[in-house]
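Enquirer:
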Amino acid sequence: MVYLVLLSSIALGALTVFWFRLNDPRHVKVLNAFTGAYLFALVVLHLLPDLYEAEPGVTIKPLIIGGFILLGFFLQIALDAISMGIEHGHAHEIHGRMAFGILAGLCVHAFVEALALGQSPDHQTARDLAAHHFLLVSIVVHNYPISIALLGMLLQSGMKKSRALACLGLFAIMAPIGVFTSTYTGLAVYSHYLMAVVIGIFMHISTTILFESEDHHRFPIGKMFAVIVGLGLGVLSVVFES
Numbered sequence: 324m325v326y327l328v329l330l331s332s333i334a335l336g337a338l339t340v341f342w343f344r345l346n347d348p349r350h351v352k353v354l355n356a357f358t359g360a361y362l363f364a365l366v367v368l369h370l371l372p373d374l375y376e377a378e379p380g381v382t383i384k385p386l387i388i389g390g391f392i393l394l395g396f397f398l399q400i401a402l403d404a405i406s407m408g409i410e411h412g413h414a415h416e417i418h419g420r421m422a423f424g425i426l427a428g429l430c431v432h433a434f435v436e437a438l439a440l441g442q443s444p445d446h447q448t449a450r451d452l453a454a455h456h457f458l459l460v461s462i463v464v465h466n467y468p469i470s471i472a473l474l475g476m477l478l479q480s481g482m483k484k485s486r487a488l489a490c491l492g493l494f495a496i497m498a499p500i501g502v503f504t505s506t507y508t509g510l511a512v513y514s515h516y517l518m519a520v521v522i523g524i525f526m527h528i529s530t531t532i533l534f535e536s537e538d539h540h541r542f543p544i545g546k547m548f549a550v551i552v553g554l555g556l557g558v559l560s561v562v563f564e565s
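In terms of our numbering, the sequence shown opens at residue 324 and continues consecutively.
Structure below.
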């Protein structure tokens, strides 16, 4: 089921491009503003506090957790140099091998994010399940505008539709591969630290989206509305889950 949910947001992104023609950069920026606010709310209200709350008999070392959060934050900065910031709404005119560089950065990003979704039956509590649920929702919501931006950029570069969809498909399967890898190689045992890395990634992406302004430091009304809606839904998601 997790694999299907992860794939669904990418498929919905493709349908959005072909049916609704919403791959215009202005529309993608509004979608990213919504997802940025939503991610930020979930991180601050649930994922981050939960990370520092130890289960009975488990010792949490805040310094180590903080180190992994920083690792995720700066890992995303490095990935931005490859993907050209498409994770937070930066659409570009692309040509030649540039498309494959962007795709490579996005694939690594999707794979690393999904590692924290791996499940270990021997190390699973009710709180782990809640964190797993919020992380899954976060990744799905986050990947939707990315898939729109990626497919739109590939098509606008002159790439054939079949080839563009193949590239999108490669990006789509990276998250399921990440979940599979984590679950069946034993990495899921370290889900606490993997979650810290993902939180660092989310913190970079969400704050970059939220703090970016347009020319003359204006914050467009449409983007402001999307941020308010995303923040509100994030808060409600945590409140009703508690």
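Beta carbons are placed, not taken as given, at the ideal position from N, Cα and C, and that holds for glycine. None of the values given here were measured: they were computed from a predicted structure.
Quick one: what does DSSP say Thr382 is sitting in, helix, strand or coil?
Expert: Position 59 of the sequence shown, counted from the first residue, corresponds to residue 382. Coil at Thr382, not helix or strand.
Enquirer: Determine the burial state of Ala489: buried for a count of at least 16 other Cβ atoms within 10 Å of its Cβ, exposed for fewer.
Expert: Taking the sequence shown and counting its residues from 1, the one referred to as residue 489 is at position 166. Looking at its Cβ environment, which holds fewer than 16 other Cβ atoms inside 10 Å, Ala489 is exposed.
Enquirer: Once DSSP output is grouped into helix, strand and coil, what is the label at Ser480?
Expert: Numbered from 1 along the sequence shown, position 157 holds the residue referred to as residue 480. Three-state result, Ser480: coil.
Enquirer: Considering only residues of the region 505-554, which uninterrupted alpha helix (DSSP H) runs meet the minimum length of 4 residues and lie entirely inside it, listed in chain order?
Expert: Segments of the alpha helix (DSSP H) lying fully in the region 505-554: 514-534.
Enquirer: Which of the three DSSP states is assigned to Ala439 in this structure?
Expert: By 1-based counting over the sequence shown, the position of residue 439 is 116. Coil.
Enquirer: Closer than 7 Å by C-beta to Val353: which residues in its own chain qualify, once you throw out the five before and the five after it? Chain order, please.
Expert: Looking up residue 353 in the sequence shown gives position 30. Taken in chain order, the residues that qualify are Gly545, Lys546 and Ala549.
Enquirer: Roughly how many angstroms lie between the CA atoms of Val460 and Gly553, to the nearest whole one?
Expert: Residue 460 sits at position 137 when you count from the first residue of the sequence shown. Residue 553 sits at position 230 when you count from the first residue of the sequence shown. If you take the alpha carbons of Val460 and Gly553, they lie about 13 Å apart.
Enquirer: Assign Leu362 to buried or exposed, taking buried as 16 or more other Cβ atoms, counted over all protein chains shown, within 10 Å of its Cβ.
Expert: As a working mapping, residue 362 is identified with position 39 in the sequence shown. Leu362 should be labelled buried.
Enquirer: Contact defined as beta carbons within less than 8 Å: I believe Val581 pairs with Pro468. What is the distance between those atoms, to the nearest angstrom?
Expert: There is no way to answer for residue 581, as the model of the chain reaches only from 324 to 565.
Enquirer: In chain order, what residues of the same chain have a beta carbon less than 8 Å from the beta carbon of Gly523, not counting five sequence neighbours either side?
Expert: Position 200 of the sequence shown, counting from 1, holds the residue named residue 523. The answer, listed in chain order, is Phe391, Ile392, Leu393, Leu394, Gly395, Phe396, Phe397, Leu398 and Gln399.
Enquirer: Which first and last residues belong to the alpha helix (DSSP H) in which Leu370 is found?
Expert: Taking the first residue of the sequence shown as position 1, residue 370 is located at position 47. Looking at the DSSP string, Leu370 is not in any alpha helix (DSSP H), and its letter there is neither H nor E.
Enquirer: By the three-class DSSP mapping on this structure, what secondary structure does Tyr467 have?
Expert: Along the sequence shown, one-based indexing puts residue 467 at 144. Helix, per DSSP.
Enquirer: How far does the alpha helix (DSSP H) with Ile333 in it extend, from its first residue to its last?
Expert: On the sequence shown, residue 333 is found 10 positions in, with the first residue counted as 1. From DSSP, the alpha helix (DSSP H) with Ile333 extends over Val325 to Leu338.
Enquirer: What is the DSSP secondary structure of Glu376, reduced to helix, strand or coil?
Expert: For this step, residue 376 is matched to residue 53 along the sequence shown. In this structure, Glu376 counts as coil in the three-state DSSP scheme.
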